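To start, the structure under review is shown below, and the notes come after it.
There are 2 protein chains.
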Amino acid sequence: MKSGTILLSHGAGGKLSHRLIQDVFLKAFKNPFLEPLNDQAVFPSPGKRLAFTTDSYVVSPIFFPGGDIGKLSVCGTINDLAVGGATPLYMSASFIIEEGLELEELAKVVESMAKTALMAGVQIVTGDTKVVEKGKADRLFINTAGVGVIPDGVDVGPSFMEPGDAVIISGTVGDHGVSVMRERGMITLDVDVESDCAPLHELASAVVSTGFVKAMRDPTRGGLITTLNELALSSGHGILVKEENIPVKEEVRGVCEILGFDPMYLANEGKMICIAGKDGAKDVLKAMRKNPLGKDAEIIGEVIGERSGKVLLETSLGTRRIMEMLSGEQLPRIC
Amino acid sequence: MKSGTILLSHGAGGKLSHRLIQDVFLKAFKNPFLEPLNDQAVFPSPGKRLAFTTDSYVVSPIFFPGGDIGKLSVCGTINDLAVGGATPLYMSASFIIEEGLELEELAKVVESMAKTALMAGVQIVTGDTKVVEKGKADRLFINTAGVGVIPDGVDVGPSFMEPGDAVIISGTVGDHGVSVMRERGMITLDVDVESDCAPLHELASAVVSTGFVKAMRDPTRGGLITTLNELALSSGHGILVKEENIPVKEEVRGVCEILGFDPMYLANEGKMICIAGKDGAKDVLKAMRKNPLGKDAEIIGEVIGERSGKVLLETSLGTRRIMEMLSGEQLPRIC
Chain A
2 MKSGTILLSH
12 GAGGKLSHRL
22 IQDVFLKAFK
32 NPFLEPLNDQ
42 AVFPSPGKRL
52 AFTTDSYVVS
62 PIFFPGGDIG
72 KLSVCGTIND
82 LAVGGATPLY
92 MSASFIIEEG
102 LELEELAKVV
112 ESMAKTALMA
122 GVQIVTGDTK
132 VVEKGKADRL
142 FINTAGVGVI
152 PDGVDVGPSF
162 MEPGDAVIIS
172 GTVGDHGVSV
182 MRERGMITLD
192 VDVESDCAPL
202 HELASAVVST
212 GFVKAMRDPT
222 RGGLITTLNE
232 LALSSGHGIL
242 VKEENIPVKE
252 EVRGVCEILG
262 FDPMYLANEG
272 KMICIAGKDG
282 AKDVLKAMRK
292 NPLGKDAEII
302 GEVIGERSGK
312 VLLETSLGTR
322 RIMEMLSGEQ
332 LPRIC
Chain B
2 MKSGTILLSH
12 GAGGKLSHRL
22 IQDVFLKAFK
32 NPFLEPLNDQ
42 AVFPSPGKRL
52 AFTTDSYVVS
62 PIFFPGGDIG
72 KLSVCGTIND
82 LAVGGATPLY
92 MSASFIIEEG
102 LELEELAKVV
112 ESMAKTALMA
122 GVQIVTGDTK
132 VVEKGKADRL
142 FINTAGVGVI
152 PDGVDVGPSF
162 MEPGDAVIIS
172 GTVGDHGVSV
182 MRERGMITLD
192 VDVESDCAPL
202 HELASAVVST
212 GFVKAMRDPT
222 RGGLITTLNE
232 LALSSGHGIL
242 VKEENIPVKE
252 EVRGVCEILG
262 FDPMYLANEG
272 KMICIAGKDG
282 AKDVLKAMRK
292 NPLGKDAEII
302 GEVIGERSGK
312 VLLETSLGTR
322 RIMEMLSGEQ
332 LPRIC
């Protein structure tokens, strides 16, 4: 079954669809909620407050250094739950496949999803497959949705932010963006940057347990500055960050200088922005750095009582400027 | 905002993405769970047992008689929850848009989703938007995922099926398939068949409350026969249906004869197959017919103790033959 290409009949709901489900999806995702293959998965409610999220993934190319569209789709949904303070538990996976995709490539993506989900303790419990004619999609698009539970006592969100809170980033920014550029052949230099694509639920849980976390976000599409703008807008406060404190890998900085990109606007897929109460900032930083995914964490700025809804960047020269969300498109189909 | 076309920047996560979310999505779907625009929606757990489902929609064209891709995407997820005995409550909506789609068309689809969700008491609480380059998708693909609650005491599923149970269909088959063929210009006759696209949660709840329902399924892609095959496989029993009892509109029969399709394999988007205990079959039929969406309901056959996993069709001449799932593709991108 794993050789050959995807045909329109694989999406028709008939014999080939069923064989694809059995041989590729069920084999990789195997769990008691998925196995009945009903139109819906049924599970006991895991707690009082649930978190629910979805994202579609259209990254091109579908394989890149450090990951692939499958790993990305599982990490993305895990991370959207984790930054809400939730423990990710159940996930759906839906595939839109362009006719002609190699079955072997699909299987590789699916196995990558299964591996990532297993590592994170998440079960893929329901799904769907559609196939469109050649030229009507671009190889493979994946949607995942996820359900998690918010443990009792955990309350995070931009509404808790206050002036004086510290702004912490869990590591270097721009790695995912540069890894995709590398795979696209946009970079002629020999750079060794891999995507940071990773599930952040353990890091999130570790920082939340310090008791000092006000809000978390993962700075994906639009990068650090866009996500800080969202936090500023949602909280109604200003945010001031110091450029020299923002961790950026040398190779990433180099590539960005040559190609005219700003690493602060490049997508990350395994980083977290954490807003922490002033008195607890060092504890949160320490908790982050204990986790391999947070080893390069830095306090990069603070929430301020002025410039409501805006993000200010203080350069190494001490000047300040407002950093807005991008108005154009920096790098399409980065996730 | 509602004039113009979709640009790549609408999917970049920056200013245009935010404006699209505010002016199109938030305006249509407005509810307190969506409004914080966090990466995840948080809601109180609605009960002890939850149902979770997802489907992607790639129907072409995106508007057809009786519906559009938006209505379809909301009904489809509602129905996948409803046939599991669940009350649909929360939904996600994720859009993959081809650059160049008219904003007006997107808004029309989104309004159709909002209207259908409102009617069904479902809230669209989280979502995502991606834009791909012209030629890399076909106008608009939508994914919806849904969460519902299974009321205490409700237990349905193929494992409850027994020989002797009645097989009931809630109305005429093949309407959706023919409506899409009509919109594609495949039919030169003047036929007035609309898609049956409709949310089935009230019909499902009405039949379940009779206490005689063993299992339910909505016969979408692959049609009545494919879905009966799934029920036969999952239950381990055989299913015998009488051709003459299967309701088919005259126009649908006519179109199928001319074009060489079988209405029993054509997709439906507002029909339900219900397996009911023998003694309660008439009660279930009565409950169905009271609902406008079940007015043409018929008992079409029974679960049998032989031919495990197979579907038998008894023709009007009294001969019986095995009806398998389709092995090819009858009509691509029907949903």
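Sequence lines, in order, name chains A and B.
Taking the numbering used here, the leading residue of the first sequence gets 2, the next gets one more, and so forth.
Taking the numbering used here, the leading residue of the second sequence gets 2, the next gets one more, and so forth.
Glycine included, every Cβ here is placed at the ideal spot set by N, Cα and C.
These numbers were taken from a predicted model, which means no experiment stands behind them.
Cβ neighbour criterion (16 or more within 10 Å) applied to residue i
i, result
"GLN41 (chain B)", "buried"
"THR117 (chain A)", "buried"
"PRO45 (chain B)", "exposed"
"GLN23 (chain B)", "exposed"
"SER236 (chain A)", "buried"
"GLY136 (chain A)", "exposed"
"LYS291 (chain B)", "exposed"
"GLU270 (chain B)", "buried"
"ASP56 (chain B)", "buried"
"PHE325 (chain A)", "The displayed chain sequence assigns Glu, not Phe, to residue 325 (chain A). Looking at its Cβ environment, which holds fewer than 16 other Cβ atoms inside 10 Å, GLU325 (chain A) is exposed."
"ASP129 (chain A)", "buried"
"GLU1 (chain A)", "The structure shown does not extend to residue 1 (chain A), since chain A is modelled only from 2 to 336, so the question has no answer here."
"LEU35 (chain B)", "buried"
"SER93 (chain B)", "buried"
"PRO200 (chain A)", "buried"
"GLY329 (chain A)", "exposed"
Presumed contact (8 Å Cβ cut-off) between residue i and residue j, rounded CB distance
i, j, result
"ILE350 (chain B)", "LEU232 (chain B)", "There is simply no residue 350 (chain B) to check, as chain B begins at 2 and stops at 336 in what is shown."
"ILE240 (chain A)", "ILE305 (chain A)", "7 Å"
"THR1 (chain B)", "THR145 (chain B)", "Nothing can be reported for residue 1 (chain B): it is not among the residues displayed for chain B, which extend from 2 to 336."
"GLU252 (chain B)", "LEU314 (chain B)", "With a Cβ gap of about 22 Å, GLU252 (chain B) and LEU314 (chain B) do not count as contacting."
"GLY1 (chain A)", "THR6 (chain A)", "Residue 1 (chain A) lies beyond the stretch modelled for chain A, which goes from 2 to 336, so this question has no answer here."
"GLU307 (chain A)", "ASP166 (chain A)", "The Cβ separation is near 14 Å, so there is no contact."
"ALA13 (chain A)", "GLY149 (chain A)", "Rounded, the Cβ-Cβ distance is 34 Å, inconsistent with contact."
"VAL256 (chain B)", "VAL192 (chain B)", "6 Å"
"ARG50 (chain A)", "VAL43 (chain B)", "6 Å"
"VAL242 (chain B)", "VAL168 (chain B)", "6 Å"
Proximal residues to residue i (C-beta, below 6 Å), its chain only, five neighbours per side dropped
i, result
"ILE97 (chain A)", "LYS131, ALA138, PHE142"
"PHE219 (chain B)", "The sequence as given places Asp at residue 219 (chain B); Phe does not occur at that position. Once the five neighbours on either side are set aside, the close Cβ partners of ASP219 (chain B) are ASN80, VAL84, MET273."
"GLN331 (chain A)", "TYR266"
"LYS296 (chain A)", "ARG290"
"PRO89 (chain A)", "ILE79, LEU82, VAL123, GLY147, GLY149, HIS202"
"ASP153 (chain A)", "none"
Cβ neighbours of residue i in the same chain (closer than 8 Å, five flanking residues each side left out)
i, result
"ASP69 (chain B)", "ILE63, LYS109, VAL110, SER113"
"LEU260 (chain A)", "MET182, MET187, ILE188"
"SER309 (chain B)", "ALA233, GLY237, HIS238, GLY239"
"LEU8 (chain A)", "LEU17, GLU100, VAL132"
"CYS198 (chain A)", "GLY67, GLY68, LYS72, LEU73, CYS76, HIS177, GLU270, GLY271"
"ASP280 (chain B)", "PHE213"
"ASP156 (chain B)", "GLY86"
"VAL60 (chain B)", "ILE70, LEU73, VAL181, ARG334, ILE335, CYS336"
"ALA115 (chain B)", "ALA29, PHE30, ILE125"
Own chain partners of residue i with C-beta closer than 7 Å, once the 5 adjacent residues on each side are dropped
i, result
"LYS250 (chain A)", "THR173, ASP176, VAL194"
"SER10 (chain A)", "LEU17"
"ALA268 (chain B)", "HIS177, GLY178, THR221, ARG222, GLY224, ILE335, CYS336"
"ARG140 (chain B)", "ILE63, GLU99, LEU102"
Cross-chain neighbours of residue i in chain E, by beta carbon under 8 Å
i, result
"PRO333 (chain B)", "No chain E appears in the structure shown, which is made up of the protein chains A and B."
Validate contact between the segment 314 to 324 of chain B and the segment 182 to 193 of chain B using beta carbons, cut 8 Å, 3 pairs: no
Within 9 Å of chain A by C-beta, residues of the segment 21 to 48 of chain B in sequence order: PHE34, PRO37, LEU38, ASN39, ASP40, GLN41, ALA42, VAL43, PHE44, PRO45, SER46, PRO47, GLY48
Residues within the segment 140 to 154 of chain B neighbouring chain A, beta-carbon criterion of under 7 Å: PHE142, ASN144, ALA146, VAL148, ILE151
contact_flag[the segment 149 to 169 of chain A, the segment 197 to 216 of chain A] where n(CB pairs < 8 Å) is 3 or more: yes
Touching by the beta-carbon criterion (3+ pairs, under 8 Å), the segment 202 to 211 of chain B and the segment 25 to 32 of chain A: no
Interface positions of the segment 89 to 115 of chain B facing chain A (Cβ-Cβ less than 8 Å), listed along the chain: TYR91, SER93, ALA94, SER95, PHE96, ILE97
Near-chain B residues of the segment 207 to 227 of chain A - C-beta to any C-beta below 8 Å: ARG218, ASP219, THR221, ARG222, GLY223, THR227
Contact list for the segment 313 to 329 of chain A against chain B, Cβ threshold 9 Å: GLU325, MET326, LEU327, SER328, GLY329
Contact set between the segment 123 to 138 of chain B and chain A, restricted to residues whose Cβ is under 9 Å from the partner: VAL126, THR127, GLY128, ASP129, THR130, LYS131, VAL132, VAL133, GLU134, GLY136, LYS137, ALA138
Selection of the segment 232 to 245 of chain A by Cβ proximity to chain B, strictly under 8 Å: SER235
Chain-ordered residues of the segment 48 to 61 of chain B with a beta carbon less than 7 Å from chain A: GLY48, LYS49, ARG50, LEU51, ALA52, PHE53, THR54, THR55, ASP56, SER57, VAL59
Proximal residues, the segment 76 to 90 of chain B versus chain A, C-beta separation under 7 Å: ASP81, LEU82, VAL84, GLY85, ALA87
Residues within the segment 258 to 272 of chain B neighbouring chain A, beta-carbon criterion of under 7 Å: none
Where the segment 154 to 188 of chain A meets chain B: residues whose CB sits under 7 Å from a CB there: GLY158
Short-range partners of chain B found in the segment 194 to 208 of chain A, where Cβ spacing is below 7 Å: none
Cβ-based contacts, 7 Å cut-off: residues of the segment 285 to 308 of chain A near chain B: none
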